[in-house]
Amino acid sequence: MVRRRFAAAGALVAAAALVLSGCANQSGSGPAQTSAAPAPAQPNNAVLPAGDGQGKCAPGTSIAYVGTLAGQNAALGQAIANATELAVNQHNQANAGCKVTLVKADSGGTPDTAVGPTQAVINNQAVLGIVGLPFSGESKAVGPALNAAGLVNITPSATNPGLTKNGWTNFFRGLGNDAVQGPAAAKWMQGKFNPQKICVIKDDSDYGIGLATAVSQALGPQVASCQGDVKTNQKEFSATVGQVQQAAPQAIFYAGYYTEAAPLIQQLRDAGVQTPFVAPDGVKDEQFVVNAAGSANGSFLTCPCVPQEGFTAFTQAYQQAYNTPPQTYSAEAYDATTILLQGIDKGANSRPALLNFVRSYNGQGLTKKFQWQPNGELTDTPVYVYRVDGDKIVTDSPISG
Amino acid sequence: MFLDRFWANTINGLSYGSIYALVALGYTLVYGVLQLINFAHSEIFVIGVFGVYFTFLALGFQPGQTPNVPLAGIIANLVLAGAVGMILAGVAAVILERVAYRPLRKRNAPRLAFLITAIGASFVIQQVFRITRGSNPEGTIRLLPPEPLFRIFGAPVTNLQVIIILAALALFVVADTFVNRTRLGRGVRAVAQDPATATLMGVNRERVIMITFLLGGLLAGAAALFYLMTIPQGAVFNGGFLLGIKAFAAAVLGGIGNLRGALLGGLILGIAENYGQSLFGGDWRDVVAFVLLVGVLMFRPTGILGESLGKARV
């Protein structure tokens, strides 16, 4: 009884939030809208793993999670594996006629270690589809084998733009890539800061260079006239700080990872540079906030990940099952799993059938609408801005496409 | 751009170069006595960094905002943490020598074996930190935030930079005096110059070697304190890698085996890096430093001041 009332209240709140966020979206890219309730609620037409409960499939039908479980950056992989497992469990509970088995394969998170486990999954003929792989490097390494096997593969987190340029017909990306994030970040900064000049600082990784190029192009050569470089593992940034002081920009965009971003922003703030600091998903991590020790406060972080706190049913179920709130890309993984399960429920009983189902899929998920272009990129790729508030990363606003 | 930032770059370079110099002294001392490039010295430095960090933790400081402690308390805490870091790094250097190098020396191993052992020891220590502490930096603990004290030609000089430059110079003078003016130091120089004769004259070679490693470790521990004061995010398993290479380059630049050369090399390298980044952009920071090194070695193959630890030049 109590629980039912709770659910009703939750639905009301969700509906209200939906209306609110709808309004916020419509009022466009006005610069001063940081305080509106930004996290989207669960869309009321979102397809959930349970489906309609009428699913029918052969016993033993499997899908797989392939990705890091204990290897490099394991926390990210676990957040994805957990969400996948949660979706499969919810599906099996609701569908008496279709019990799907989840196979988990630890890829180790690196290109060198991913090939063997992936091949084992390919050889397991019961597996009809894969959620993963989480990282771009390993995705690139196993892509040809998965493509040759015709095994459909939805990644919830790999964002390197090059992955969809290999001609693979089985690869689908469940979020916006880095070529989407860069222009979105540029557009948001233009609306927010009305800048004459922005310093674009990049590290020497492929990720940082690609993103900085995309941001600089979108800003134009006049605004992005101040360009800085740092090295991976560099810790002393006085020359970069001096460059920023000299340029006196309206904002700083840092294209790189949190390891360098934390000392960089601390040294900027120490030197009295209070310019707004904007950084991409590579910096969106607790480590950035902890290591910058207060200096990160007020920084903005862009990410093609959708805030999850509004998806109350999902976050509560996840919290209950794993005793921790969902992490970055959990909801994306939940959506990707749901799509595979939908296909199986609807009678896709072979790899080619499930591949075709995903290719022509068009439906609402928790995070976004899922419909893929022929190359495997989504048609609709929202990017969000997050903000460091004290020692927490909170949702700031969506970047309206 | 370059001229506007000239003094700021110089001061920042001097301050960071002082850290290079202190680490470079360790390379130079060991090379002078054993003709061994102790590649594990960068990990001795990292041990010092973690020693300082854990002392902060033990003293009750928590990662996060800079705590509000009176100045005298801050200084006392810093000195204590620095002392722990120095002792730990010094002891670690001696243990390293015992475990890794002495057995080889006993068997008259070729010089290459020492070099490979040094590289191996470096990896082992690094990976032990990675396995036990993870690959993320330790949470930031900062006792003393930098504040400008005065200006030189418009460039601010912070309290941290003043402390680091002065303390590094003082430590250098102590080390230099020790090697050049004390009885033990005379032993070090004697072994560096001619180990066989020194042994015949009653110098205990093994003890000299131990003292050399101890001194290098102590200086690296002090550098670790200054490093962590400048870069509070520095307590991480691979934090010594780049800095170690730079410090080794500084030692070669000044003339390896030469204490004053290590100091000069460290300061020059620190400044040159900043000039290089200012002139050519951040991508060229390391390139400039090493082009300078190669350029100097072409005209002075033994470094700016030459190899002189053993030359008994007082």
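Line by line, the protein sequences give chains A and B. Counting the first sequence from 1 gives a position; this note's numbering is that position plus 236. Counting the second sequence from 1 gives a position; this note's numbering is that position plus 1. Think of the CB as a built atom: it goes at the ideal place given N, C-alpha and C, for glycine as much as any other residue. Because the structure is a prediction, the values reported are computed rather than measured.
Beta carbon proximity, A/P347 to chain B, threshold 8 Å | no
Excluding the 5 residues preceding and the 5 following A/G412 in the sequence, name in chain order all residues of the same chain whose CB lies nearer than 8 Å to its CB.
-> T395, A420, P540, L614, T617, P618 and V619
For the ligand GDP, any of its heavy atoms closer than 7 Å to the Cβ of A/V477?
-> In the structure on display, the ligand GDP does not appear, and there are no ligands present to speak of.
Mind checking A/V336: buried by the 16 CB within 10 Å criterion, or exposed?
-> buried
Could you give the C-beta distance for B/S16 and B/L244, rounded to a whole number, given that I count them as a contact under 8 Å?
-> The pair is not a contact, with the Cβ atoms about 14 Å apart (cut-off 8 Å).
Which two residues bound the contiguous alpha helix (DSSP H) that contains B/L72?
-> L72 to L97
Using the Cα positions of A/I434 and A/A487, report the straight-line distance between them to the nearest angstrom.
-> 5 Å
Please classify B/R152: does DSSP put it in a helix, a strand, or coil?
-> strand
Could you give the distance in angstroms between the alpha-carbon of A/N527 and the alpha-carbon of B/R261?
-> 36 Å
Is it a yes or a no for the stretch 137-148 of chain B touching the stretch 220-233 of chain B, going by three-plus beta-carbon pairs under 8 Å?
-> yes
What residue range is occupied by the uninterrupted beta strand (DSSP E) comprising A/L682?
-> Absent from the structure is residue 682 of chain A, since the part of chain A shown begins at 237 and ends at 637.
In its own chain, which residues sit with a C-beta less than 8 Å from the C-beta of A/A253, not counting the 5 before and 5 after it?
-> In this prediction, A/A253 scores a pLDDT of 43, lower than 50, which makes its location untrustworthy; the coordinate-derived value is nonetheless stated afterwards. Around A/A253: A273, A275, P276, A277 and G546.
Which ranges would you report for the beta strand (DSSP E) in the stretch 177-206 of chain B if only whole runs of at least 3 residues count?
-> none
Nearest to A/F371 by alpha carbon, out of A/T349, A/V525 and A/G345?
-> A/G345
Residue span of the beta strand (DSSP E) that contains A/L614, given as start and end = It is not in any beta strand (DSSP E) - A/L614 carries neither H nor E in the DSSP assignment.
Determine the DSSP secondary structure at B/R143, reduced to helix, strand or coil.
-> coil
As assigned by DSSP and simplified to three states, the class of A/D627 | coil
Sorted by chain position, which residues of the same chain lie with C-beta nearer than 6 Å to A/K504's C-beta, five sequence neighbours on each side aside?
-> Looking at the sequence shown, residue 504 of chain A is not Lys but Leu. If we look at A/L504 and ignore the five residues flanking it on each side, its Cβ neighbours are V477.
Where does the unbroken alpha helix (DSSP H) through B/F57 begin, and where does it stop?
-> H42 to A59
Skipping 5 residues on each side, what residues in its chain have a beta carbon closer than 6 Å to that of A/T354?
-> V302 and V378
Determine the DSSP secondary structure at B/I257, reduced to helix, strand or coil.
-> coil
Shorter than 8 Å from the beta carbon of B/D177 to some beta carbon of chain A?
-> no
Leaving out five residues before and five after B/Q278 in sequence, what residues of the same chain have Cβ atoms less than 6 Å from its Cβ?
-> R286
Inter-stretch contact at 8 Å, needing at least 3 Cβ pairs: the stretch 567-574 of chain A / the stretch 595-612 of chain A | yes
Classify A/L455 as buried or exposed, calling it buried when 16 or more other Cβ atoms lie within 10 Å of its own Cβ.
-> buried
Buried or exposed by the 16-neighbour rule on C-beta atoms within 10 Å, applied to A/S452 | buried
Identify the contact partners of A/S474 in chain B, using a Cβ-Cβ distance below 7 Å as the criterion.
-> N13 and N275
Chain-ordered chain A contacts of B/D5 [CB-CB under 9 Å] | G478 and Q482
Can you name, in chain order, every residue of its own chain whose Cβ lies under 8 Å from the Cβ of B/N205, other than the five neighbours on each side?
-> G188
Helix, strand or coil at B/W8 [DSSP, three-state] | helix
Name the chain B residues whose beta carbon is nearer than 7 Å to that of A/A498?
-> Q234
For the alpha helix (DSSP H) that contains B/D287, what are its first and last residues?
-> R286 to F300
Between the Cα of B/A93 and the Cα atoms of B/G240, B/G222, B/I76 and B/Y54, which residue gives the shortest distance?
-> B/G222
Where the beta strand (DSSP E) containing A/A300 begins and where it ends = S298 to G303
So what does DSSP say about A/D632, is it helix, strand or coil?
-> strand
Can you list, in chain order, the residues of the stretch 45-75 of chain B whose Cβ is nearer than 9 Å to any Cβ on chain A?
-> P64, G65, Q66 and T67
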